[in-house]
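Top line first, the protein sequences correspond to chains R and W.
Numbered according to the working numbering, the first sequence spans residues 4 to 483.
Numbered according to the working numbering, the second sequence spans residues 58 to 376.
Structure, as structure tokens:
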Amino acid sequence: MASASAFEYAPAPESRSVVDIAPSYGLFIDGEFVEAADGKVFKTVSPSTEEVLSEVAQAGGADVDRAVAAARRAFEKWSALPGSERAKYLFRIARIIQERSRELAVLETLDNGKPIKETRDADLPLVAAHFFYYAGWADKLEHAGFGSAPRPLGVAGQVIPWNFPLLMLAWKIAPALATGNTVVLKPAETTPLSALFFADVCRQAGLPRGVVNILPGYGDTGAALVAHPDVNKVAFTGSTAVGKEIARTVAGTRKKLTLELGGKGANIVFDDAPIDQAVEGIVNGIFFNQGQVCCAGSRLLVQESIQDELLDSLKRRLSTLRLGDPLDKNTDIGAINSAEQLARITSLVDKGTAEGAEPWSPECELPSSGYWFAPTLFTNVTQAHTIARDEIFGPVLSVLTFRTPDEAVAKANNTQYGLSAGIWTEKGSRILAVANKLRAGVVWSNTFNKFDPTSPFGGYKESGFGREGGRHGLEAYLDV
Amino acid sequence: MPTTASAAHPLTDVTASDSTLRRFLHGLPGVDAVGLEARAASLGTRSIKTTAKAYAIDLAISMVDLTTLEGADTPGKVRALGAKAVRPDPTDRTTPATAAVCVYPDMVAVAKEAVAGSGVKVASVATAFPAGRAALDVKLADVRDAVAAGADEVDMVIDRGAFLAGKYLKVYDEIVAVREVCGTAARLKVIFETGELSTYDNIRRASWLGMLAGADFIKTSTGKVAVNATPANTLLMLEAVRDFRAQTGVQVGVKPAGGIRTTKDAIKFLVLVNETVGEDWLDNHWFRFGASSLLNDLLMQRQKLATGRYSGPDYVTVD
Numbered sequence: 004m005a006s007a008s009a010f011e012y013a014p015a016p017e018s019r020s021v022v023d024i025a026p027s028y029g030l031f032i033d034g035e036f037v038e039a040a041d042g043k044v045f046k047t048v049s050p051s052t053e054e055v056l057s058e059v060a061q062a063g064g065a066d067v068d069r070a071v072a073a074a075r076r077a078f079e080k081w082s083a084l085p086g087s088e089r090a091k092y093l094f095r096i097a098r099i100i101q102e103r104s105r106e107l108a109v110l111e112t113l114d115n116g117k118p119i120k121e122t123r124d125a126d127l128p129l130v131a132a133h134f135f136y137y138a139g140w141a142d143k144l145e146h147a148g149f150g151s152a153p154r155p156l157g158v159a160g161q162v163i164p165w166n167f168p169l170l171m172l173a174w175k176i177a178p179a180l181a182t183g184n185t186v187v188l189k190p191a192e193t194t195p196l197s198a199l200f201f202a203d204v205c206r207q208a209g210l211p212r213g214v215v216n217i218l219p220g221y222g223d224t225g226a227a228l229v230a231h232p233d234v235n236k237v238a239f240t241g242s243t244a245v246g247k248e249i250a251r252t253v254a255g256t257r258k259k260l261t262l263e264l265g266g267k268g269a270n271i272v273f274d275d276a277p278i279d280q281a282v283e284g285i286v287n288g289i290f291f292n293q294g295q296v297c298c299a300g301s302r303l304l305v306q307e308s309i310q311d312e313l314l315d316s317l318k319r320r321l322s323t324l325r326l327g328d329p330l331d332k333n334t335d336i337g338a339i340n341s342a343e344q345l346a347r348i349t350s351l352v353d354k355g356t357a358e359g360a361e362p363w364s365p366e367c368e369l370p371s372s373g374y375w376f377a378p379t380l381f382t383n384v385t386q387a388h389t390i391a392r393d394e395i396f397g398p399v400l401s402v403l404t405f406r407t408p409d410e411a412v413a414k415a416n417n418t419q420y421g422l423s424a425g426i427w428t429e430k431g432s433r434i435l436a437v438a439n440k441l442r443a444g445v446v447w448s449n450t451f452n453k454f455d456p457t458s459p460f461g462g463y464k465e466s467g468f469g470r471e472g473g474r475h476g477l478e479a480y481l482d483v
Numbered sequence: 058m059p060t061t062a063s064a065a066h067p068l069t070d071v072t073a074s075d076s077t078l079r080r081f082l083h084g085l086p087g088v089d090a091v092g093l094e095a096r097a098a099s100l101g102t103r104s105i106k107t108t109a110k111a112y113a114i115d116l117a118i119s120m121v122d123l124t125t126l127e128g129a130d131t132p133g134k135v136r137a138l139g140a141k142a143v144r145p146d147p148t149d150r151t152t153p154a155t156a157a158v159c160v161y162p163d164m165v166a167v168a169k170e171a172v173a174g175s176g177v178k179v180a181s182v183a184t185a186f187p188a189g190r191a192a193l194d195v196k197l198a199d200v201r202d203a204v205a206a207g208a209d210e211v212d213m214v215i216d217r218g219a220f221l222a223g224k225y226l227k228v229y230d231e232i233v234a235v236r237e238v239c240g241t242a243a244r245l246k247v248i249f250e251t252g253e254l255s256t257y258d259n260i261r262r263a264s265w266l267g268m269l270a271g272a273d274f275i276k277t278s279t280g281k282v283a284v285n286a287t288p289a290n291t292l293l294m295l296e297a298v299r300d301f302r303a304q305t306g307v308q309v310g311v312k313p314a315g316g317i318r319t320t321k322d323a324i325k326f327l328v329l330v331n332e333t334v335g336e337d338w339l340d341n342h343w344f345r346f347g348a349s350s351l352l353n354d355l356l357m358q359r360q361k362l363a364t365g366r367y368s369g370p371d372y373v374t375v376d
């Protein structure tokens with residue numbers, strides 16, 4: 004029996020046996036798993052335990068050439084297929100993802116460190132939904148508002164981050180295939196496994212060879228892919244710094260480019276907000292995926308009159324978050340993706356403290372191995388603080404206050420980013436008035452971090468350009 | 058065991074007049090229905106097993122107000138219910154007793170006798186249950202009967218008509234009057250019939266109204282309408298008692314009632330308690346389940362945990 008004084012939950016680990024991770028994986032080129040031309044490999048570890056999960060081939064320049072050539076060959080036939088035929092493949096992929104969703108969720112949790120609750124209930128359902136959604140568009144492109152016969156661009160070179168490995172893959176691959184493009188995708192070096200499993204899903208679906216190619220590797224692999232002369236379209240999700248470099252590389256070529264970069268989302272809570280739900284929204288906004296979300300609501304702007312009440316509620320709520328084994332079904336906060344990322348978070352948090360902001364964390368025991376950071380909030384933050392300006396990409400919330408709606412809007416917009424924002428108020432007219440003034444790609448009202456394949460997503464300013472998702476997401480892969 | 062303080066709290070002046078009361082209740086933070094239901098649903102996905110499940114089952118059994126509220130209730134049925142409340146599983150003496158048996162006022166004396174000496178309380182639904190559509194005199198007489206017959210707890214229904222018409226002070230005064238009749242003899246549970254209040258904002262207002270008027274417990278429903286206790290309305294009421302204690306220092310219990318039939322459901326409610334208000338409410342002095350068929354499912358699940366095998370309805374007693 005558990006102790007008689009408290010309701011302790013027994014560990015509820017999801018079984019690892021649903022996923023069979025091979026000791027090594029190759030690159031996926033032209034429908035085959037192959038070794039890297041120069042034989043290079045790298046290891047991928049589980050962030051929660053530092054256990055080595057597998058050894059993965061590391062693509063170099065010659066491999067990029069091979070993959071792009073395979074995609075180019077495949078493009079001729081794939082783009083010539085009727086949309087309804089491409090749709091069949093995409094629907095098949097979506098269904099296979101649903102069938103294998105438990106396996107893929109466990110794999111993603113092992114490789115990324117995020118809680119199984121999130122991979123199982125958020126990532127995988129959305130991954131399948133994106134393939135279903137764009138499968139539906141494949142035979143209706145002439146009705147999408149981009150002309151009577153929109154043409155695909157050719158070979159798409161796609162580089163995705165480690166925070167939502169499979170979801171970002173879906174956001175990139177589904178619209179590319181639906182519109183008739185072929186793909187060479189580079190997953191992040193810390194989370195290559197789910198993309199390689201996706202390669203297997205493609206084989207299972209009978210997808211023609213070369214339509215999808217997967218090249219695990221580091222930044223240099225991505226750079227080679229982006230710079231490859233036979234790539235017609237570049238899509239990147241990741242840091243603003245790398246995004247700028249890509250923009251420089253692509254400038255002056257005929258390549259089409261979309262960038263989904265960093266963010267420093269403002270979550271604005273007015274004094275008439277539904278407090279309990281706002282607290283949930285703040286928690287979801289910044290602690291979902293350990294805050295490793297580009298559209299995270301990492302700046303809380305709270306109306307001065309309710310600051311104390313809201314912070315009390317928020318601190319109480321943070322004390323109930325359960326941090327630990329990401330494979331436990333009851334875990335709310337998992338591991339930070341890598342030692343490198345943990346170091347980055349730690350240094351920014353130290354900077355925040357040094358600049359005079361006050362950090363607060365709930366009592367929280369961190370596991371002894373793996374990369375962990377306790378949920379943290381900073382009060383006494385001003386616009387001048389580094390932690391209010393720089394993207395931390397971790398479970399760290401900066402709390403600022405405002406007195407009037409105008410001040411809230413001014414502070415919310417006073418950032419080099421513009422990806423997301425949230426508004427909490429019971430007054431509908433205020434939601435509309437404020438939302439119209441916010442320079443952000445997504446504005447959530449009385450909710451946060453909600454995603455849907457039908458809804459376009461993308462940024463203003465240094466958060467990038469172009470939209471993914473929805474009808475708008477087709478445009479990035481069509482010659483319009 | 059802490060008890061509810063009945064002394065005046067810092068919010069007494071909000072009940073000075075109809076308008077001050079209305080202003081106060083309408084000044085409470087709003088409820089976003091989508092967010093509330095999403096939070097209740099996400100807590101519903103907690104995975105409770107092995108030792109935690111065993112603990113939760115025993116806790117839930119000890120929180121059950123074993124209820125029979127039928128026109129056809131007989132003394133025999135009430136005696137059987139009492140015996141079951143005292144010893145829910147005759148095959149396993151380690152099974153805890155339920156918190157109370159809940160009956161109509163005319164059955165209180167019978168129930169009292171059936172549970173005598175066991176520590177199981179007798180609760181009675183009074184105040185013209187379940188509709189509450191009677192004159193205040195009649196309601197008070199009903200309560201007086203129940204208390205005189207020995208009821209330890211009185212479950213009163215509010216006048217939903219008056220509440221929906223915005224006559225908050227009338228509802229308040231009635232609760233205060235019933236509270237007076239209960240005196241120190243009986244704890245008062247105030248039933249809102251949340252299914253008839255129709256909005257979450259109303260449920261939050263009713264919760265505060267009940268607590269301001271001196272309720273020892275706030276209770277979702279009678280079990281006699283289509284929508285009774287739900288995870289969302291119970292979560293909302295838990296937030297209300299938590300906030301009320303923070304403001305006044307007075308702790309109030311919560312009782313979801315009606316429609317909770319399975320162990321799985323009951324555990325979901327316990328998770329709501331655990332993660333919203335925590336340990337302070339995790340015993341039967343502060344949290345109850347109003348249920349009649351829930352107990353048997355809890356007992357069958359308990360037997361399953363003990364033996365590794367499912368038994369069947371014939372291995373637990375019918376009421």
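Quick reminder that beta carbons are idealized off the backbone N, C-alpha and C, glycines included.
8 Å Cβ cutoff, A117(W) in contact with chain R: For this step, residue 117(W) is matched to residue 60 along the second sequence. A117(W) has a beta carbon lying at 8 Å or more from every beta carbon in chain R.
Own chain, CB closer than 6 Å to P59(W), minus 5 neighbours either side, in chain order: Locating residue 59(W) in the second sequence gives position 2, counting from the first residue. Caution applies to P59(W), whose pLDDT of 41 falls short of 50 and renders its modelled position unreliable; the value that the coordinates give is listed next. For P59(W), where only same-chain residues beyond five positions count, there are no Cβ hits under 6 Å.
Same chain only: Cβ atoms within 8 Å of G139(R), ignoring 5 sequence neighbours per side: Within the first sequence, residue 139(R) is the residue found at index 136, counting from 1. Excluding positions up to five away in sequence, the list reads A90.
Range of the contiguous beta strand (DSSP E) that encloses R302(R): By one-based count along the first sequence, residue 302(R) stands at place 299. Start and end: R302 to Q306.
Beta-bridge partners of I248(W), as assigned by DSSP: Here residue 248(W) refers to the residue found at position 191 of the second sequence. Paired residue(s): V214(W) and K276(W).
Span separating the alpha-carbon of D183(R) from that of F200(R): Counting from 1 along the first sequence, the entry for residue 183(R) is found at position 180. Counting from 1 along the first sequence, the entry for residue 200(R) is found at position 197. Checking the sequence shown, residue 183(R) turns out to be Gly, not Asp. Between the C-alpha atoms of G183(R) and F200(R) there is a straight-line separation of about 22 Å.
Cβ separation of G425(R) and G300(R), assumed to be a contact under 8 Å, to the nearest whole Å: Here the question's residue 425(R) lines up with position 422 in the first sequence. Here the question's residue 300(R) lines up with position 297 in the first sequence. Right, the Cβ-Cβ distance comes to about 5 Å (below 8 Å), so this counts as a contact.
Where P487(R) falls, given that 16 or more other Cβ within 10 Å makes a residue buried: There is simply no residue 487(R) to check, as chain R begins at 4 and stops at 483 in what is shown.
Amino acids of chain W, ordered along the chain, whose beta-carbon sits closer than 9 Å to that of E11(R): One-based indexing of the first sequence puts residue 11(R) at position 8. Neighbours of E11(R) on chain W, chain order: T108, A109 and Y112.
Members of the stretch 440-456 of chain R that neighbour chain W once the beta carbon cut-off is set at 9 Å: N449 and T450
8 Å Cβ cutoff, P277(R) in contact with chain W: Numbered from its first residue, the first sequence carries residue 277(R) at position 274. Answer yes: the Cβ-Cβ gap between P277(R) and chain W drops below 8 Å somewhere.
Sequence-distant residues of its chain with Cβ nearer than 6 Å to A62(W) (five each side left out): As a working mapping, residue 62(W) is identified with position 5 in the second sequence. At A62(W) the pLDDT is 45, less than 50, meaning the model places this residue with poor confidence; the figure from the coordinates comes in the next sentence. Correct list, in chain order: V307.
Three-pair Cβ contact test at 8 Å for the stretch 241-248 of chain R versus the stretch 201-218 of chain R: no
Own chain residues within Cβ distance below 8 Å of L329(W), not counting five before or after: Working through the second sequence from its first residue, we reach residue 329(W) at position 272. For L329(W), where only same-chain residues beyond five positions count, the Cβ hits under 8 Å are A97, L100, P288, T291, L292 and L295.
Residue range of the beta strand (DSSP E) that includes E58(R): Position 55 of the first sequence holds residue 58(R). From DSSP, the beta strand (DSSP E) with E58(R) extends over V55 to A60.
Given P456(R) as reference, the closest of V214(R), A342(R), M171(R) and A281(R) once Cα atoms are compared: On the first sequence, position 453 is the one that residue 456(R) refers to. When C-alpha distances from P456(R) are compared across V214(R), A342(R), M171(R) and A281(R), the shortest belongs to M171(R).
Simplified DSSP assignment, three categories, for K354(R): Taking the first sequence and counting its residues from 1, one reaches residue 354(R) at position 351. Reduced to three states, the DSSP call for K354(R) is helix.
Inter-residue spacing [alpha-carbon to alpha-carbon] between A64(W) and A360(R): Counted from its first residue, the second sequence places residue 64(W) at position 7. Counted from its first residue, the first sequence places residue 360(R) at position 357. Residue placement at A64(W) is flagged as unreliable, the pLDDT there being 49, under the threshold of 50; the coordinate-derived value follows with that caveat. Going by the C-alpha atoms only, they are around 42 Å apart.
Below-8 Å beta-carbon distance, P288(W) vs any chain R residue: For this step, residue 288(W) is matched to residue 231 along the second sequence. Taking 8 Å as the threshold, the shortest C-beta distance from P288(W) to chain R does not fall below it.
Cβ of Q306(R) within 8 Å of any chain W Cβ: Here residue 306(R) is taken as the residue at index 303 of the first sequence, counted from 1. Using beta-carbon distances, Q306(R) does not count as an interface residue toward chain W, since no partner is under 8 Å.
Identified DSSP bridge partners for R154(R): Start at 1 with the first residue of the first sequence, and residue 154(R) comes out as number 151. Answer is D482(R), bridged to R154(R).
Where S386(W) falls, given that 16 or more other Cβ within 10 Å makes a residue buried: This structure leaves residue 386(W) out entirely; chain W is present only between 58 and 376.
C-beta neighbour in chain R for S278(W), strict 8 Å: The residue given as residue 278(W) occupies position 221 in the second sequence. Taking 8 Å as the threshold, the shortest C-beta distance from S278(W) to chain R does not fall below it.
Backbone CA spacing between N285(W) and G316(W) [nearest angstrom]: Along the second sequence, one-based indexing puts residue 285(W) at 228. Along the second sequence, one-based indexing puts residue 316(W) at 259. Each residue's alpha carbon lies about 6 Å from the other.
Own chain, CB closer than 6 Å to A15(R), minus 5 neighbours either side, in chain order: What you label residue 15(R) is simply residue 12 of the first sequence in a count that begins at 1. Only D331, K332 and N333 meet the Cβ criterion.
Assigned secondary structure, S6(R) (DSSP; H/G/I helix, E/B strand, else coil): Here residue 6(R) refers to the residue found at position 3 of the first sequence. Any reading at S6(R) needs caution, since the residue's pLDDT is 42, under 50, leaving its predicted position unreliable; the model's value is listed next. The answer is coil: DSSP assigns S6(R) none of H, G, I, E or B.
Short Cβ contact (8 Å threshold) for A415(R) with L260(R): Position 412 of the first sequence, counting from 1, holds the residue named residue 415(R). Position 257 of the first sequence, counting from 1, holds the residue named residue 260(R). Cβ distance not < 8 Å, so A415(R) and L260(R) don't count as in contact.
Beta-carbon proximity of G139(W) to A171(W), cut-off 8 Å: By 1-based counting over the second sequence, the position of residue 139(W) is 82. By 1-based counting over the second sequence, the position of residue 171(W) is 114. Going by C-beta atoms, G139(W) is nearer than 8 Å to A171(W).
Contact check, L324(R) vs V272(R), beta carbons under 8 Å: Locating residue 324(R) in the first sequence gives position 321, where the first residue counts as 1. Locating residue 272(R) in the first sequence gives position 269, where the first residue counts as 1. No, Cβ-Cβ distance for L324(R) and V272(R) is not below 8 Å.
Three-state secondary structure (DSSP) of G467(R): What you label residue 467(R) is simply residue 464 of the first sequence in a count that begins at 1. In the structure shown, G467(R) sits in a strand (DSSP, three-state: E or B).
Bridge partners - E263(R), DSSP secondary structure assignment: Translated into positions along the first sequence, residue 263(R) becomes position 260. Its beta-bridge partners are T240(R) and G467(R).
Exposed unless 16 or more other CB atoms sit within 10 angstroms - verdict on G63(R): By one-based count along the first sequence, residue 63(R) stands at place 60. With 16 or more Cβ atoms within 10 Å of its Cβ, G63(R) is classed as buried.
Backbone CA spacing between L403(R) and A281(R) [nearest angstrom]: Your numbering for residue 403(R) matches position 400 in the first sequence. Your numbering for residue 281(R) matches position 278 in the first sequence. Cα to Cα, the separation comes out at about 15 Å.
Presumed contact (8 Å Cβ cut-off) between E79(R) and L264(R), rounded CB distance: Taking the first residue of the first sequence as position 1, residue 79(R) is located at position 76. Taking the first residue of the first sequence as position 1, residue 264(R) is located at position 261. E79(R) to L264(R), Cβ: 33 Å. No contact.
Beta strand (DSSP E) segments (min. 3 residues) lying fully within the stretch 396-447 of chain R: 399-405 and 423-427
Proximity test, Cβ basis, 8 Å: P59(W) and chain R: The residue labelled residue 59(W) in the question sits at position 2 within the second sequence. Reliability of the predicted coordinates at P59(W) is poor, the pLDDT of 41 falling under 50, and the value obtained from them is presented with this limitation in mind. It does not; no Cβ of chain R falls within 8 Å.
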